[in-house]
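> Top to bottom, those sequences are chains R and Y.
Note that the first sequence covers residues 4 to 457 in my numbering.
Note that the second sequence covers residues 4 to 457 in my numbering.
Even for Gly, the Cβ is constructed at its ideal location relative to N, Cα and C.
From a predicted model like this one, the values you see are computed outputs, not experimental measurements.
2 protein chains.
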Amino acid sequence: MSDQKIPDYLAENQDRFLEELKEYLRIPSISTDSERKEDVARCAEWVAEHLKGIGIDDVQIEQTPGHPIVYAEHCKAPGKPTILVYGHYDVQPPDPLELWETPPFEPTVRDGKIFARGATDDKGQLFAHFKGLEAHLKTAGELPVNVKLLIEGEEEVGSPNLTPWVVANKERLACDAVVISDSSMFAPGMPTLTYGLRGLTYFEVTVQGPDHDLHSGLFGGTVPNPINELAKIIAQLHDKDGRVAIPGFYDDVIPLTPDEREQFAKLPFDDEKFRAQTGAPGLCGEVGYTTLERKWARPTLDCNGIWGGFIGEGAKTVLPSTASAKISCRLVPGQDPEKVFDLARDYIEGLAPDTVKLTFLPHHGGDPVLTDRDNDQVRAASRALKKSWGVDPVFTRGGGSIPVVATFANELKSPTILMGLGLDDDRLHSPNEKFNLECFYKGIETSAYLWDEL
Amino acid sequence: MSDQKIPDYLAENQDRFLEELKEYLRIPSISTDSERKEDVARCAEWVAEHLKGIGIDDVQIEQTPGHPIVYAEHCKAPGKPTILVYGHYDVQPPDPLELWETPPFEPTVRDGKIFARGATDDKGQLFAHFKGLEAHLKTAGELPVNVKLLIEGEEEVGSPNLTPWVVANKERLACDAVVISDSSMFAPGMPTLTYGLRGLTYFEVTVQGPDHDLHSGLFGGTVPNPINELAKIIAQLHDKDGRVAIPGFYDDVIPLTPDEREQFAKLPFDDEKFRAQTGAPGLCGEVGYTTLERKWARPTLDCNGIWGGFIGEGAKTVLPSTASAKISCRLVPGQDPEKVFDLARDYIEGLAPDTVKLTFLPHHGGDPVLTDRDNDQVRAASRALKKSWGVDPVFTRGGGSIPVVATFANELKSPTILMGLGLDDDRLHSPNEKFNLECFYKGIETSAYLWDEL
């Protein structure tokens, strides 16, 4: 195949690719919102029809107890490697809506970027592979490897039905490597392969004082205030050095190696630039670690939400019955989500006075991941990235979680290639999520080359 | 006037009185809710029309920059004392709506109690005076004293326009005593005169970390989390002994006298019964004080609301930009609301790390009050209460705030008689607010006798 065919095809079709991406982004496939169930199903249909349209051989919509999985196979290269592409078509809720400059489900291009919920996480990144496959099929006629695609609709709610499905379909999913684009490049123009991900434990805790709301004048000063008690608990979840104060929390952590710390330190990273990107007055975190170490390879604890009492306009002198917080821990290799939840619950139960009641609601968790930095598939991905971007990729770890990577490692015994196409300022999970069009088009090109290199 | 005329009139008309009260309670006059402005105005009209209907001479609706004041005069007893009756026709918001057994604005009688928002605070208690005036007018033909009525629509938002109106109408309001029924009896069957009230300082504080919501995986562990920081602040607002930790907070407090502490200790009060009424697993508060002392005569600090991050169903791994809390202090005689707010703000500003930004939004405050326990008017009210209830009233202080009492003391130089008709379990400001019909009917009888005794 001539080296120019793919770039030519991409150049000719890139406007259409963008329009198709917009169509995909318009579907509000919010998996956590039970009122969006039909939109999520519609999105699965759209993905399936699109894959058929670009010439993928066998496309199925597989029902689960939750949202459907789209599974496709295009295996016409006997004796050649089999690659499984994983992605997700569901998205995070768009709240708070009022902070979006343009509506989250009306994709808009500004300044070389497309803005929409899911633009980068993960619709845009996954769609780059669709278009890479299309480009290869249309220019070369056939794929040089066997490709399987597994696209789920529950990644943003912790993939509750994916693992059972993977276990039940192990043989069907057999492959030599898994390719996932659901993470970030280290910086614009720096193609990146990610070899580590953090895991997650997520739970809610509710503190109850009185069993109904009381007047703060008639009762204030005599009964436990659940907001004040919850605040005292949260305040004791970290020590003064920014370390998580839950006993045993760090026991199973696999420490960073001196080699890794050295590699991280070599990456061009500027704390002040990073701070400016967050808009926070200052950075903070666990004493003794750099910002990159803190965000990639150290476990954390954050409140993701808190609520209780009167939160409307104006003043209401209520002494509320309950206060609740959503709390999550990012975990690093070695840590177990369930064990960390148990440690957190035991510690919090010990912190609360006996004048209040606590209840816990665990949400999904996810295992942390460390993969090889050197094998055939990683080298092939490196070549494809170099061919499209013109430079060698860097190796990083990621702060987010892709729980399914652990499932693939455990169940399929296949190595995973994490080839992120997004950028750290893509505002995923936030208002005004975006995907740089350069990343989108280069991602398509990389994907188009990848099949030959593999 | 025969002693039997009033009881007979009340017995004959009590069903109608109840129907009229229901009509009054159906108007959702929520003063803090800007969408209810027309309902609040409609409620003022209703009150004015009702006063005209029972034979009150001169009834006016007085516009203010906020909700209107209903002002009425019935001064046909030259040379006799003039009594100002104060009350409010506005109510608290009904949230959380889902906890009401019957809708807040569809008054329902169950088990000898009427349930509705405003049933006791203050529509029901005020309405008892309307009916007491009616009973006296219909049975005796005329009132033996001069009566003025001042009924505002902004009590639940701190009466922002009442003080200027009182100042501007000082001469018109001139009186020998003020009568207010907007508090509680000590216990069922124990008529009560309240001689002290707590004041209030109320403000919101918002903590900002990043200037937009961030993904907790990509940023968690490196930037300040506003929820965690707000929790740390709140946790430092009390010390281990339940005392408010704001420096200077207690400086101006007028301590309870040994005589008062002795009187409080003699009242039949059972901690366990009180605890059971709140439904809390245990009571708590400032070390060194009894429950009655804590709720009536010690200053407090409580969070009334807290919110930040994702508070919807399910899990969202967001690292939020802001978290906010509504915080109020109940104040006791000697303390100044503005000074306490300044102390709180200064202390909180000192607690926050420089990685976050703080903003404060002060809401309304109110002065604490101590009135005489012995003068002509108090003795007259005692006799009226004894005549209707059959026992001498007890003297108490109250934990709530009626800021206007301080205004009357300062501007009109008139003593206030706080004659509460409610009960501590009336759930005012909470779902399922109620007013015992016995309190309503006895309150009407007391009011009907009061004018003769005065």
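Any idea if K319 (chain R) is buried or exposed, counting beta-carbon neighbours within 10 angstroms, 16 or more meaning buried?
buried
> When you compare each of Y:Q95, Y:E23, Y:P365, Y:F398 to L203 (chain Y) by their alpha carbons, which one comes out closest?
Y:P365
> With 16 as the cutoff for other CB atoms within 10 Å, does D36 (chain Y) come out buried or exposed?
buried
> Reducing DSSP to helix, strand and coil, say where T195 (chain Y) ends up.
strand
> Whose Cβ in chain Y lies nearer than 8 Å to the Cβ of I237 (chain R)?
I230, N231, A234, K235, A238
> Between Y:E441, Y:S433, Y:V88, which has its C-alpha nearest E101 (chain Y)'s C-alpha?
Ranking the options by Cα distance to E101 (chain Y), first place goes to Y:S433.
> What are the start and end residues of the beta strand (DSSP E) that includes V210 (chain Y)?
202 to 211 is the extent of the beta strand (DSSP E) around V210 (chain Y).
> Are the CB atoms of I330 (chain Y) and F133 (chain Y) within a distance shorter than 8 Å?
no
> State the beta-bridge partners of G245 (chain Y) as determined by DSSP.
In the DSSP output, where bridge partners are listed per residue, G245 (chain Y) has none listed.
> Between the Cα of R113 (chain R) and the Cα atoms of R:I86, R:L21, R:E155, which residue gives the shortest distance?
R:L21
> DSSP three-state call for G135 (chain R): helix, strand or coil?
helix
> Find the nearest neighbour of V208 (chain Y) within the set Y:F189, Y:A234, Y:D216, judged by alpha-carbon distance.
When only C-alpha atoms are compared, the closest one is Y:A234.
> In whole angstroms, what is the alpha-carbon distance linking G425 (chain Y) and M188 (chain Y)?
6 Å
> At a Cβ threshold of 8 Å, is N439 (chain R) touching chain Y?
no
> Leaving out five residues before and five after P340 (chain R) in sequence, what residues of the same chain have Cβ atoms less than 7 Å from its Cβ?
G202, L203, T204, L334, G368, G369, D370
> How long is the line joining the alpha carbons of M4 (chain R) and C332 (chain R), rounded to whole angstroms?
In this prediction, M4 (chain R) scores a pLDDT of 43, lower than 50, which makes its location untrustworthy; the coordinate-derived value is nonetheless stated afterwards. Cα-Cα distance, rounded: 48 Å.
> Leaving out five residues before and five after N378 (chain R) in sequence, what residues of the same chain have Cβ atoms less than 8 Å from its Cβ?
P418
> Could you check the C-alpha separation between V210 (chain Y) and V247 (chain Y) for me, to the nearest Å?
21 Å
> Using a Cβ-Cβ distance under 8 Å, would P250 (chain R) count as near chain Y?
no
> Could you say which of R:K40, R:P194, R:Q128 lies nearest to R386 (chain R) if we only look at CA atoms?
R:P194
> Name the residues in the stretch 297 to 312 of chain R whose C-beta lies less than 7 Å from a C-beta of chain Y; which are they?
R297, K298, R301, T303, D305, C306, N307, G308, I309, W310, G311, G312
> Against chain R, with Cβ distances strictly below 8 Å, would A326 (chain Y) count as a contact?
By this cut-off, A326 (chain Y) is an interface position.
> Can you tell me which of Y:D42, Y:Q63, Y:P302 puts its alpha carbon nearest to the alpha carbon of E52 (chain Y)?
Y:Q63
> In terms of residue numbering, what span does the alpha helix (DSSP H) encompassing R301 (chain R) cover?
Premise fails: R301 (chain R) is in no alpha helix (DSSP H) and is neither H nor E.
> With DSSP as the reference, identify every bridge partner of E155 (chain Y), one or two as the case may be.
According to DSSP, which records beta bridges pairwise, E155 (chain Y) is partnered with Y:H91.
> Please state if the CB of F252 (chain Y) and the CB of S302 (chain Y) are separated by a distance shorter than 8 Å.
Checking the sequence shown, residue 302 (chain Y) turns out to be Pro, not Ser. Against a cut-off of 8 Å, the Cβ pair of F252 (chain Y) and P302 (chain Y) comes out as a contact.
> P191 (chain R): buried (16+ other C-beta within 10 angstroms of its C-beta) or exposed?
P191 (chain R) should be labelled exposed.
> Is H218 (chain Y) helix, strand or coil by DSSP?
strand
> Use the C-beta contact count for I257 (chain R): other C-beta atoms within 10 angstroms, 16 or more gives buried, fewer gives exposed.
exposed
> According to DSSP, is F267 (chain Y) helix, strand or coil?
In the displayed model, F267 (chain Y) falls within a helix according to three-state DSSP.
> May I ask you to list, following chain order, the residues of the stretch 156 to 171 of chain R that have a beta carbon less than 9 Å from some beta carbon of chain Y?
E159, V160, G161
> Specify the secondary structure class of H77 (chain Y) as computed by DSSP and reduced to three states.
strand
> Who are the Cβ neighbours of D375 (chain Y) in its own chain at under 8 Å, not counting the five residues just before and after it?
Cβ contact annotation for D375 (chain Y) (same chain, cutoff 8 Å, sequence separation greater than five): Y198, V381, P418, in chain order.
> With a cut-off of 8 Å on the beta carbons, I'd call L415 (chain Y) and L176 (chain Y) a contact; round off their distance for me.
6 Å
> Which value, in whole angstroms, describes the spacing of the CA atoms of L373 (chain R) and K276 (chain Y)?
One C-alpha to the other measures close to 58 Å.
> Which bits of chain Y does H241 (chain R) rub up against, with CB to CB less than 9 Å?
N231, K235
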